[in-house]
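Visitor:
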Amino acid sequence: MLLFLNLLLELARILAADGGSHWTYEGAHGQDHWPATYPECGSNAQSPIDIQTERVTFDSELPVLKPHGYDQPGPEPLSLHNNGHTVQLSLPPTLNLEGLPRNYVASQLHLHWGRKGQPWGSEHQVNSEATAAELHIVHYDADSFNNLNEAAQKPQGLAVLGILIEVGENQSPAYEHILSHLEKIRYKGQTTLVSAFDVGGLLPPELGEYYRYNGSLTTPPCYQSVLWTVFHRKAQISMEQLEKLQETLFSTEESGPSKLLVQNYRAPQPLNHRLVLASFIPEGAFYSTGEMVGLGLAILFGCLCLLLAGYFIARKIRRKRLGEQKSVVFTSSRCATSEE
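Residues -16 to -1, 1 to 324 (mature numbering (1 follows the signal peptide of the UniProt record, and there is no 0)) make up the sequence shown, in order.
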C-alpha cells in the first residue's frame, strides 16, 4: 500500500513538472506556493529582479543588440493564443539576434500587466519602480538545441528580451496589431491568426542601452536558463491600449465562471550574488574590473602629465627669475663703473 501511494505521489510530481499542475499568480496556487510544486522556483537565480542602478556594473564590451528579420517575419500569419496566464504570439525562427554569445532564434512573445487603475504591471523594476506593463520576446539557442522546450532546461539555453512599457500620448501601431485581436481570444484556450507585421516596432527606440544578467523563466517551472536583456529605454502605448489589455482577456474557459486575466506578473526575486551588467553608465553604476584598471591608469597618467607640466613651468619661471636677477646685477655693475 505504501509503495502504491509513493508511486501515485511520484506520478503527480511528474505531471506537475510537465505542466499538468494548476498554478496562478495569487491565492492557494499563487506564486508564494510555486516552489512546493516546482522546486526550481525557489532557487537562488530567479527572475524578475529589481535592478538597482547603484549595484550595476558598467561593461563597455557589451555589444549593441541587432534584431534580424524582425521587420519581415515572413508571409505566414502568426498564431495568437490565450493560455490562461497571458496572451502569447508565436514567432518564426527567421527572427534572430546579433550581439549575443550564440545564435538565438525567436520562438514567441507575451505580455505581463496589472489591472485597470493600477499604474504598475511590469515584472522587472528599476530602482524599485515598475512600469505599466512588460513585453518578453523569447529566443532559444539554435546552435545547441532543436527547439524551445529542449533549450529551456539548459544553462543559457534561452535569451529573453525584456521591454518595459509605459503609457504615452500616442497609440502604438505595432502593439495595436496584437491588441486589436484580443476580442477573438477572450477565453483560455482560444487561438486566432494575426497577419505578419513589423515586430521591431514593439522594441524601444534605443537598443544599445540595456541591462544583462543570468536568471530564470518568470513562470513555472522557473528554469534558471535565461540570459536576460532588459532595455533601459521604454516602449510606449496609449492609455486606451493599456486598458484594452487589462479588460479584455479571461483566465478561464468560456464554458465556466469568468475570471478576468489581470495582475499576471511575478514579484521581484532576490538578486543574491548575481552580477547585473549594463551596456551604458547609469547614475551611480560601478565600473567593471577592466574599466576600473583603465580608469586608474588614465587617472595616474593624467596626474603624471600634470606633475611634469608643473615641473617644466616651475623651471621656466625659475630661469626667468634668474635671468632677471642677472640683468639687475649687470646693470648695477655698469652704473657703478660709470660713476667711478
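C-beta atoms are modelled at their ideal positions from N, C-alpha and C, and glycine is treated no differently.
Just so we're clear, the structure is a prediction, and the values are computed from it rather than from any experiment.
Span of the alpha helix (DSSP H) holding Thr21?
Guide: Trp18 to Thr21
Visitor: On the DSSP bridge assignment, give the partners of Ala109 in chain order.
Guide: Looking at the sequence provided, one finds Gln at residue 109 rather than Ala. Partner(s): Asp34.
Visitor: Note the first and the last residue of the continuous beta strand (DSSP E) segment covering His96.
Guide: Note, His96: beta strand (DSSP E), Tyr88 to Trp97.
Visitor: Measuring only the C-alpha atoms, how far is Leu279 from Thr70?
Guide: Any reading at Leu279 must be qualified, since the residue scores a pLDDT of 42, below 50, and its modelled position is unreliable; the value itself is stated next. In a straight line, the C-alpha of Leu279 is about 46 angstroms away from that of Thr70.
Visitor: Helix, strand or coil for Tyr249? Go by DSSP, reduced to three states.
Guide: coil
Visitor: Taking 7 angstroms as the limit between beta carbons, can you name the residues of its chain near Arg99, skipping five residues before and five after?
Guide: Gln230, Val246 and Gln247
Visitor: Compute the Euclidean distance between the alpha carbons of Gln15 and Ser200, then round it to the nearest angstrom.
Guide: 14 angstroms
Visitor: Do you know offhand how far Pro76's Cα is from Pro32's?
Guide: 26 angstroms
Visitor: Do you know whose CA, among Glu193, His165 and Gln220, lies nearest Asn154's CA?
Guide: Of Glu193, His165 and Gln220, the residue nearest in Cα terms is Gln220.
Visitor: Would the stretch 91 to 106 and the stretch 21 to 29 be scored as touching if the rule is three or more Cβ pairs under 8 angstroms?
Guide: Contact fails between the stretch 91 to 106 and the stretch 21 to 29, because fewer than three Cβ pairs, one in each stretch, are under 8 angstroms apart.
Visitor: According to DSSP, is Ala219 helix, strand or coil?
Guide: strand
Visitor: Following the continuous alpha helix (DSSP H) through Tyr207, name the residue where it begins and the one where it ends.
Guide: Careful: Tyr207 lies outside any alpha helix (DSSP H) and carries neither H nor E.
Visitor: Have a look at Lys243 and Ala116 and give me their C-alpha separation to the nearest angstrom.
Guide: 21 angstroms
Visitor: According to DSSP, is Lys138 part of a helix, a strand, or is it coil?
Guide: Collapsing the DSSP output to three states places Lys138 in coil.
Visitor: Taking contact to mean 3 or more Cβ pairs, one atom from each stretch, closer than 8 angstroms, check whether the stretch 35 to 43 and the stretch 205 to 212 are in contact.
Guide: no
Visitor: For Leu145, which of helix, strand or coil comes out of DSSP?
Guide: In the three-state reduction of the DSSP assignment, Leu145 falls in the strand class.
Visitor: Taking 7 angstroms as the limit between beta carbons, can you name the residues of its chain near Glu227, skipping five residues before and five after?
Guide: So the list reads Lys100, once near-sequence residues are dropped.
Visitor: Are there 16 or more other CB atoms within 10 angstroms of the CB of Asn66, so buried, or fewer, so exposed?
Guide: buried
Visitor: Per the DSSP calculation, Thr213 is bridged to which residue(s)?
Guide: Leu145 and Arg196
Visitor: Spell out a yes or no on whether the stretch 51 to 59 and the stretch 100 to 114 are touching, meaning 3 or more CB-CB pairs, one atom from each, closer than 8 angstroms.
Guide: For the pair of segments examined, the stretch 51 to 59 was found not to touch the stretch 100 to 114: the number of CB pairs separated by less than 8 angstroms stays below three.
Visitor: Is the separation between the beta-carbon of Ser235 and that of Lys172 shorter than 9 angstroms?
Guide: yes
Visitor: Can you tell me whether DSSP reads Asn28 as helix, strand or coil?
Guide: coil
Visitor: Name the two residues that bound the continuous beta strand (DSSP E) containing His161.
Guide: Looking at the DSSP string, His161 is not in any beta strand (DSSP E); the run it does join, the alpha helix (DSSP H), is Pro157 to Leu163.
Visitor: DSSP three-state label for Val40, please.
Guide: coil
Visitor: For Pro47, does the count of other Cβ atoms within 10 angstroms reach 16, so buried, or fall short, so exposed?
Guide: Exposed, by the Cβ-count rule.
Visitor: Once you ignore the five residues that flank Gln92 on each side, which residues in its own chain have a CB closer than 6 angstroms to its CB?
Guide: Gln72, Ser74, Leu75 and Val122
Visitor: Which whole-angstrom value describes the C-beta separation of Asn80 and Gly105, a residue pair presumed to lie in contact below a C-beta threshold of 8 angstroms?
Guide: About 29 angstroms; that fails the 8 angstroms criterion.
Visitor: Taking the Cβ atom as the reference point for each residue, do Pro266 and His216 lie within a distance shorter than 9 angstroms?
Guide: Yes. Within cutoff.
Visitor: According to DSSP, what are the bridge partners of Gln72?
Guide: His65 and His94
Visitor: Quick one: residues in its chain with C-beta nearer than 6 angstroms to the C-beta of Lys138, no 5 flanking neighbours on either side, listed in chain order?
Guide: Hits under 6 angstroms: Ser209.
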